[in-house]
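For reference, the structure is listed below as structure tokens.
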Amino acid sequence: MNLKSLVAALMLFCCFCVDGMAADLRLYTEHYRPFSYLENGKPSGMAVAVVEELIRRTGESARIELVPWTRGYHQVRHEANTALFSTVRTAQREAEFQWVGPIARGYTRFYTFKDAGLRVASLDDVRRLGTLAIPKQWYSYELLTEQGLDNLYGVPTPQDMLRMFRHGRVKLLLANNLTLDGMLAEQGMNAGQLQEQFDLMPNDSYIAFSLTTDTALVARWQQALQQMRDDGGLERIYRHWFPSADERALADLLRSE
Numbered sequence: 000m001n002l003k004s005l006v007a008a009l010m011l012f013c014c015f016c017v018d019g020m021a022a023d024l025r026l027y028t029e030h031y032r033p034f035s036y037l038e039n040g041k042p043s044g045m046a047v048a049v050v051e052e053l054i055r056r057t058g059e060s061a062r063i064e065l066v067p068w069t070r071g072y073h074q075v076r077h078e079a080n081t082a083l084f085s086t087v088r089t090a091q092r093e094a095e096f097q098w099v100g101p102i103a104r105g106y107t108r109f110y111t112f113k114d115a116g117l118r119v120a121s122l123d124d125v126r127r128l129g130t131l132a133i134p135k136q137w138y139s140y141e142l143l144t145e146q147g148l149d150n151l152y153g154v155p156t157p158q159d160m161l162r163m164f165r166h167g168r169v170k171l172l173l174a175n176n177l178t179l180d181g182m183l184a185e186q187g188m189n190a191g192q193l194q195e196q197f198d199l200m201p202n203d204s205y206i207a208f209s210l211t212t213d214t215a216l217v218a219r220w221q222q223a224l225q226q227m228r229d230d231g232g233l234e235r236i237y238r239h240w241f242p243s244a245d246e247r248a249l250a251d252l253l254r255s256e
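Numbering (numbering that gives the first Met the number 0), first residue to last: 0 to 256.
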């Protein structure tokens, strides 16, 4: 083989390798118990269990990576064959992703410490209580910014938010009821210390695929999720991770299409 032929063969081989690598799905998630976290060096959690089952059912070649939320969000907005979970689907995000789900349904709720004796019934009350810390890439940060709340303090992670709340630097905590227990446990706290206030909004968690991911692949994932609803697979995972699940929210989730 002459030099010219060798170079051409190497270029063809490289293109083949790149195409092969591009076919693998990269599925990003963050440390966010009980949806996703590392256990013995491997991804675990309710959302991870759902995604692993969808990988099995679709037969896709994929890997799950735990990364900071901001990195995952950036990657999925700019790269093909990527997805981010669990992502709350909002009007603001609708056009940025292709959506598979919902895989979980909860409520975003305000909490205070019980011994604070506070009563919070509206966003006007939230404004009066001073700084409200929220992870800057959370949907709730986006929503409250749009509603003109001017006391928001964007933090990098949910753990930063919890630490500020635990140390009394903020008076309010905003959290998904499904993830509250896990978040509190990491800070040595429990739900018995808190007082529920009011719900900001119900929320549905999805797998958010990049816009440049093959639409046929996304459709296969949605179909596989529907099969999990129909044959009880999704309910089994949900009840394992949330044994005290809100029955109304679960029923709504299982009826979703």
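For every residue, glycine included, the Cβ atom is placed at its ideal position computed from N, Cα and C.
| message | Applying the 10 Å Cβ sphere with the 16-neighbour rule, what's the burial state of residue 33? | response | buried
| For residue 69 versus residue 136, is the C-beta spacing smaller than 7 Å? | yes
| task | Determine the contact status of residue 207 and residue 86, defining contact as a CB-CB distance below 7 Å. | result | yes
| Local Cβ density within 10 Å of residue 146, reported as buried at 16 or more and exposed below that | exposed
| How would you label residue 142, buried or exposed, when you count the other beta carbons within 10 angstroms and need 16 or more for buried? | buried
| task | Could you pull out every residue in the same chain whose Cβ sits closer than 6 Å to the Cβ of residue 250, ignoring the five residues on either side in sequence? | result | none
| message | According to DSSP, simplified to helix, strand and coil, what is residue 163? | response | helix
| task | Answer yes if the region 113-130 comes into contact with the region 184-195, meaning at least three C-beta pairs across the two stretches below 8 Å, and no otherwise. | result | yes
| task | Determine contact between the region 220-238 and the region 91-110, defined as no fewer than three beta-carbon pairs at a distance below 8 Å. | result | yes
| request: Go through the region 107-165 residue by residue and report every complete run of the alpha helix (DSSP H) that reaches 4 residues or more, in order. | output: 122-127, 138-145 and 157-165
| Would the region 215-224 and the region 171-182 be scored as touching if the rule is three or more Cβ pairs under 8 Å? | no
| query | Taking DSSP as the reference, what is the three-state secondary structure of residue 81? | reply | strand
| query | What's the C-alpha gap between residue 139 and residue 41? | reply | 29 Å
| task | Name the two residues that bound the continuous alpha helix (DSSP H) containing residue 62. | result | Segment 61-65 is the beta strand (DSSP E) holding residue 62; no alpha helix (DSSP H) there.
| said: Comparing C-alpha positions only, which one of 204, 23 and 167 sits nearest to residue 252? | reply: 204
| request: Under 8 Å by Cβ, that's how I've got residue 84 and residue 48 pegged, so tell me the actual separation to the nearest angstrom. | output: At roughly 11 Å, the Cβ-Cβ gap does not stay under 8 Å, so residue 84 and residue 48 are not in contact.
| field | Bridge partner(s) assigned by DSSP for residue 102 | value | In the DSSP output, where bridge partners are listed per residue, residue 102 has none listed.
| Per DSSP, residue 278 is paired with what? | The question about residue 278 has no answer, for the chain in this structure spans 0 to 256.
| Whole-angstrom distance between residue 65 and residue 240, CA atom to CA atom | 19 Å
| field | Limits of the beta strand (DSSP E) - the one that residue 207 falls within | value | 193-208
| request: Alpha carbon to alpha carbon, how far is residue 182 from residue 324? Give it in angstroms, no decimals. | output: Since the first residue of the chain shown is 0 and the last is 256, residue 324 is not available in this structure.
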